[in-house]
Amino acid sequence: MCLAVPAKIVELNDSTATISVEGALREVDVSLIEEPRLGDYVLVHAGFAIHKWDKSEVEELEAIRAATDLREVLT
Amino acid sequence: MKTLVETVDELAGRVGRDVKFMEVCGTHTMVAFRTGLRQLLPPGVCLISGPGCPVCVTGINYIDAAIELCRQPGVIVATFGDLLRVPGSDSSLERERAAGANVRIVYSPSDALVLARECPSKRVVFLGVGFETTAPTVAWAIFRAARDGVSNFSVLCAHKTMPHAMEALLKDQQVEIDGFICPGHVSVITGSAMYRFIAEQYRIPCVVSGFEAWDMLKSVEMLLRQVVEGRAEVEVEYSRSVTERGNVAAQRLMEEVFEECDAGWRGIGTIGKSGLAIRPKYAAFDAARVFEVKYGEAHVNPLCRCGGILRGVYTPLDCKLFGRACTPTNPLGPCMVSSEGTCAAYYKYEGRLAA
Amino acid sequence: MKHDRILLAHGGGGSLTRRLIEEIFEPEFDNPILRPLDDSAVLVMDGKGYAFTTDSYVVKPYFFPGGDIGRLAVCGTVNDLAMQGAQPYWFSLSFILEEGLPWADLQKIVQSIRKTAAEVGVEIVTGDTKVVERGKCEGLYINTAGIGRIQTPNWLGSANAKHGDVVILNGSLGEHGVAVMSQREGIAFQTSVVSDCAPLWPLVKEILSTGVEIHAMRDPTRGGLAMAVCDIANASGVGIRLVESALPVSREVRGACELLGLDPLTIANEGKVIVICRRVDAESVLAAMRRHPLGKDARIIGEVMEKPVGMALLRTTIGGERIIDMPTGEDLPRIC
Numbered sequence: 016m017c018l019a020v021p022a023k024i025v026e027l028n029d030s031t032a033t034i035s036v037e038g039a040l041r042e043v044d045v046s047l048i049e050e051p052r053l054g055d056y057v058l059v060h061a062g063f064a065i066h067k068w069d070k071s072e073v074e075e076l077e078a079i080r081a082a083t084d085l086r087e088v089l090t
Numbered sequence: 013m014k015t016l017v018e019t020v021d022e023l024a025g026r027v028g029r030d031v032k033f034m035e036v037c038g039t040h041t042m043v044a045f046r047t048g049l050r051q052l053l054p055p056g057v058c059l060i061s062g063p064g065c066p067v068c069v070t071g072i073n074y075i076d077a078a079i080e081l082c083r084q085p086g087v088i089v090a091t092f093g094d095l096l097r098v099p100g101s102d103s104s105l106e107r108e109r110a111a112g113a114n115v116r117i118v119y120s121p122s123d124a125l126v127l128a129r130e131c132p133s134k135r136v137v138f139l140g141v142g143f144e145t146t147a148p149t150v151a152w153a154i155f156r157a158a159r160d161g162v163s164n165f166s167v168l169c170a171h172k173t174m175p176h177a178m179e180a181l182l183k184d185q186q187v188e189i190d191g192f193i194c195p196g197h198v199s200v201i202t203g204s205a206m207y208r209f210i211a212e213q214y215r216i217p218c219v220v221s222g223f224e225a226w227d228m229l230k231s232v233e234m235l236l237r238q239v240v241e242g243r244a245e246v247e248v249e250y251s252r253s254v255t256e257r258g259n260v261a262a263q264r265l266m267e268e269v270f271e272e273c274d275a276g277w278r279g280i281g282t283i284g285k286s287g288l289a290i291r292p293k294y295a296a297f298d299a300a301r302v303f304e305v306k307y308g309e310a311h312v313n314p315l316c317r318c319g320g321i322l323r324g325v326y327t328p329l330d331c332k333l334f335g336r337a338c339t340p341t342n343p344l345g346p347c348m349v350s351s352e353g354t355c356a357a358y359y360k361y362e363g364r365l366a367a
Numbered sequence: 026m027k028h029d030r031i032l033l034a035h036g037g038g039g040s041l042t043r044r045l046i047e048e049i050f051e052p053e054f055d056n057p058i059l060r061p062l063d064d065s066a067v068l069v070m071d072g073k074g075y076a077f078t079t080d081s082y083v084v085k086p087y088f089f090p091g092g093d094i095g096r097l098a099v100c101g102t103v104n105d106l107a108m109q110g111a112q113p114y115w116f117s118l119s120f121i122l123e124e125g126l127p128w129a130d131l132q133k134i135v136q137s138i139r140k141t142a143a144e145v146g147v148e149i150v151t152g153d154t155k156v157v158e159r160g161k162c163e164g165l166y167i168n169t170a171g172i173g174r175i176q177t178p179n180w181l182g183s184a185n186a187k188h189g190d191v192v193i194l195n196g197s198l199g200e201h202g203v204a205v206m207s208q209r210e211g212i213a214f215q216t217s218v219v220s221d222c223a224p225l226w227p228l229v230k231e232i233l234s235t236g237v238e239i240h241a242m243r244d245p246t247r248g249g250l251a252m253a254v255c256d257i258a259n260a261s262g263v264g265i266r267l268v269e270s271a272l273p274v275s276r277e278v279r280g281a282c283e284l285l286g287l288d289p290l291t292i293a294n295e296g297k298v299i300v301i302c303r304r305v306d307a308e309s310v311l312a313a314m315r316r317h318p319l320g321k322d323a324r325i326i327g328e329v330m331e332k333p334v335g336m337a338l339l340r341t342t343i344g345g346e347r348i349i350d351m352p353t354g355e356d357l358p359r360i361c
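Protein chains in written order, with my numbering: chain A, 16 to 90; chain B, 13 to 367; chain C, 26 to 361.
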């Protein structure tokens with residue numbers, strides 16, 4: 016239920032935006048975050064963006080996802 | 013360079029006794045099971061699931077009330093998919109739909125509002141279930157409905173909040189917890205400062221965790237470190253999304269639309285100030301008032317152990333009904349039917365291997 | 026809660042569909058030919074083996090990215106025959122049309138049927154048409170039944186997987202389901218994913234041409250790969266372990282699944298096949314598959330084990346292990 020997905024803003028209107036999750040597009044409401052911009056990454060839950068990420072945070076997630084078998088040594 | 017798994021093993025060894033860490037978020041429950049993370053933990057570290065699944069802690073009487081509503085002519089009940097199959101006293105929304113009731117699955121409360129706008133002759137009732145991650149989105153829907161005069165929209169509110177529930181668990185004599193893995197997305201909204209009282213008053217370590225398996229394992233590492241070093245603090249593993257203050261806009265919206273109330277948590281009982289009720293100002297959008305809903309007494313199967321499971325006192329394997337009379341296709345209790353319920357997780361991903 | 030009415034989930038191809046078959050149909054119709062409940066029935070006439078199958082198509086909407094209900098109606102039945110090692114020959118074609126269905130839509134669909142049938146040499150030899158009042162079926166429903174000639178010397182079936190076998194998959198998962206879902210009202214998301222709907226007989230022919238003894242083949246349609254491996258593990262009395270990092274899922278399908286909270290393992294495919302054969306034969310099978318466009322991404326995705334009996338497991342990307350559960354079936358209605 017607390018499913019929230021990281022997504023990129025690819026189109027912006029007033030209080031809504033089109034976000035992309037690896038190419039899957041959806042319209043969400045952006046009223047709950049401050050100053051959304053095109054290209055921003057946001058966390059989406061139940062059709063709303065609830066948090067805006069900066070670049071380093073996105074990179075952190077990508078690094079975590081790239082790390083696969085947790086028993087392998089992470090360099 | 014050590015791996016995370018090895019570090020956790022080593023720290024667990026230093027603790028020198030078994031520890032129990034509880035997560036209180038249905039999505040954390042699912043990640044732990046779905047990724048097989050639990051097998052990577054050393055034997056002395058036990059991950060238990062608390063009341064983190066909002067569907068599981070919602071009383072049967074709420075489902076019964078929703079069923080009553082969907083049986084009324086001209087009513088559309090809009091709900092998240094999670095509630096569709098939850099058994100009420102003698103039916104479910106899925107069965108009502110099969111019998112002709114207008115029940116629609118939506119992915120967002122704003123979809124329900126759109127539905128209300130598109131069907132002015134129908135009354136749309138959105139089932140508001142969820143914790144602090146979801147509550148602001150429902151608050152938004154009510155706020156907009158009021159602003160735009162969408163008078164055929166209302167919410168049957170059963171939202172709950174975490175902190176008092178976590179406290180109630182700590183006061184429960186049967187429950188033993190050495191640390192909390194705190195819900196990541198609830199914390200995005202509320203901020204991590206909300207858990208300070210648990211660390212300070214109750215001396216229980218807290219780590220706010222993200223939702224990758226790596227995040228959860230890292231959080232276990234951070235909790236073990238606190239235990240080894242004798243600390244009890246609120247740390248944030250999920251720093252990429254969680255701040256101390258949280259999402260102020262969301263908090264303000266919740267404050268505007270909702271007020272604190274006591275709430276019944278299935279299997280735990282009433283917990284003071286752990287629920288959200290729609291303020292009188294928005295009474296016109298409160299389905300309980302609009303439809304004069306009377307919550308009845310719920311009939312619970314006496315053998316159902318969901319209550320104890322929700323408090324982390326039992327595992328599904330302790331329940332006589334688990335895997336026999338109670339299965340995902342024939343669920344007797346909420347922990348089995350919810351997509352994030354502990355029993356569903358065990359059954360789907362693990363329990364039958366152990367049995 | 027005992028079911029006293031049919032639920033949408035009963036059509037999902039998952040455990041509820043199985044329940045429906047066990048409780049309503051099996052008791053009335055049990056016989057040795059039906060009993061395996063494989064993709065096709067195997068008939069022996071004058072010493073020759075034939076496969077016979079039927080399927081109904083209720084996909085909504087009936088035009089979707091990558092195909093339409095007509096193409097699906099041919100592919101689905103061709104593929105059920107192919108799973109039994111049978112070359113498709115003769116089909117029946119039945120329509121239930123809704124009053125008000127645009128003539129041009131029907132024409133397009135029928136042309137699609139003709140083209141797809143021609144791809145594999147199928148002849149439509151008999152048919153039927155009914156029309157129902159407006160509102161009683163959304164557009165049209167199609168049923169096809171097909172007869173094919175079995176080309177394998179040994180029996181192929183879900184009950185034939187053996188300890189030590191490998192599980193091979195020809196390509197990426199979840200495309201058909203995601204493509205259809207993106208066209209549904211009320212779900213409102215867009216994607217570039219296109220249905221993988223394709224007739225598999227030409228690929229299967231390549232596989233059979235190796236002369237290798239294939240134990241089982243299965244096309245993971247409703248219920249997805251999860252349903253297929255659970256079924257085989259159960260019918261063969263073996264365990265199956267898949268390796269998550271070996272499962273091919275495109276970026277776009279993964280994104281759609283994340284957005285909608287779905288598991289790619291449970292989403293319908295219409296141009297995919299899993300092939301179960303001995304490990305020593307895997308290389309020949311893979312080589313044959315990779316020669317064909319529908320098999321260019323073929324790879325081993327798992328293995329068949331002695332235990333745990335009747336269960337499918339997944340070795341996850343982080344190195345853990347979990348059960349692959351039989352999907353219940355209510356993820357999405359009317360996907361095929």
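C-beta atoms are modelled at their ideal positions from N, C-alpha and C, and glycine is treated no differently.
All values reported here derive from a predicted model rather than from experimental measurement.
Chain A residues whose Cβ lies nearer than 7 Å to that of residue i
i: B:Arg-252; result: Trp-68, Glu-72, Glu-75, Leu-76
Residue of the options minimising C-alpha distance to residue i
i: C:Val-156; options: C:Gly-173, C:Leu-319, C:Ile-167; result: C:Ile-167
i: B:Ala-124; options: B:Phe-165, B:Leu-96, B:Glu-247; result: B:Phe-165
i: C:Gly-91; options: C:Met-206, C:Asp-306, C:Glu-346, C:Ile-348; result: C:Met-206
i: B:Arg-116; options: B:Arg-208, B:Ser-101, B:Asp-94; result: B:Asp-94
i: B:Ala-295; options: B:Gly-38, B:Gly-276, B:Ile-72, B:Ala-157; result: B:Ala-157
i: B:Ser-286; options: B:Gly-308, B:Thr-173, B:Leu-139, B:Gln-51; result: B:Thr-173
i: C:His-28; options: B:Met-348, B:Pro-346, B:Lys-360, B:Asn-342; result: B:Asn-342
i: B:Glu-256; options: B:Pro-85, B:Gly-71, B:Lys-360, B:Ser-204; result: B:Ser-204
i: B:Val-302; options: B:Ala-77, B:Thr-19, B:Thr-70; result: B:Ala-77
i: C:Trp-180; options: C:Arg-209, C:Gly-110, C:Val-334; result: C:Gly-110
Euclidean distance between Cα positions of residue i and residue j
i: C:Val-103; j: C:Met-314; result: 18 Å
i: B:Val-27; j: B:Val-240; result: 5 Å
i: A:Thr-90; j: B:Cys-218; result: Here A:Thr-90 scores only 38 on pLDDT, less than 50, and its place in the model should not be relied on; the value that follows carries that caveat. Looking at the two C-alpha atoms, the distance is approximately 28 Å.
i: A:Gly-62; j: B:Tyr-119; result: 7 Å
i: B:Val-89; j: B:Val-141; result: 13 Å
i: C:Ala-66; j: C:Gly-164; result: 30 Å
i: C:Ile-33; j: C:Thr-353; result: Checking the displayed sequence, the identity of residue 33 of chain C turns out to be Leu instead of Ile. Approximately 11 Å between the Cα atoms of the pair.
i: C:Ser-217; j: C:Ile-94; result: 19 Å
Cβ neighbour criterion (16 or more within 10 Å) applied to residue i
i: B:Ser-104; result: buried
i: C:Val-310; result: buried
i: C:Met-70; result: exposed
i: A:Asp-25; result: Reading off the sequence shown, one finds Val at residue 25 of chain A, where the question assumed Asp. A:Val-25 is exposed by the Cβ-count criterion.
i: B:Ile-280; result: buried
i: C:Lys-161; result: exposed
i: B:Trp-152; result: buried
i: B:Gln-238; result: buried
i: B:Ala-367; result: Because the pLDDT at B:Ala-367 is just 43, under 50, the model does not fix this residue reliably, and the value given afterwards should be weighed accordingly. The residue in question, B:Ala-367, is exposed, as its Cβ has fewer than 16 Cβ neighbours within 10 Å.
i: B:Phe-209; result: exposed
Sheet register partners of residue i (DSSP bridge)
i: B:Tyr-74; result: Partner(s): none; B:Tyr-74 has no beta bridge.
i: A:His-66; result: A:Leu-58
i: A:Asp-44; result: A:Thr-31, A:Phe-63
Contacts of residue i in chain A (Cβ-Cβ under 8 Å)
i: C:Thr-216; result: Gly-38, Ala-39, Leu-40
i: B:Glu-224; result: Leu-76, Ile-79, Arg-80
Within chain C, partners of residue i - CB distance below 7 Å
i: B:Pro-46; result: Strictly speaking, residue 46 of chain B in this sequence is Arg, with Pro absent from that position. Going along chain C in sequence order, the residues near B:Arg-46 (Cβ under 7 Å) are Arg-347.
Cross-chain neighbours of residue i in chain A, by beta carbon under 9 Å
i: B:Tyr-119; result: Arg-41, Ala-61, Gly-62
Partners in chain C for residue i, counting only beta-carbon separations shorter than 8 Å
i: B:Pro-340; result: Ser-40, Asp-350, Thr-353
i: B:Tyr-361; result: Arg-347, Ile-348, Asp-350
i: B:Ala-157; result: The premise fails here: B:Ala-157 is roughly 19 Å from chain C at the closest Cβ pair, so nothing lies under 8 Å.
Interface flag, residue i vs chain F, CB-CB below 7 Å
i: C:Glu-283; result: The structure shown contains no chain F; its protein chains are A, B and C.
Residue i: contacting residues in chain B (beta-carbon distance under 9 Å)
i: A:Asp-44; result: Ser-120, Ser-122, Thr-149, Trp-152
Interface residues of chain B facing residue i [CB-CB closer than 7 Å]
i: C:Arg-304; result: Result: empty, since nearest Cβ-Cβ is about 24 Å, beyond 7 Å.
i: C:Gly-344; result: Leu-52
Residues that residue i contacts on chain C, provided the C-beta gap is smaller than 9 Å
i: B:Arg-107; result: Met-26, His-28, Asp-29, Arg-30, Leu-32
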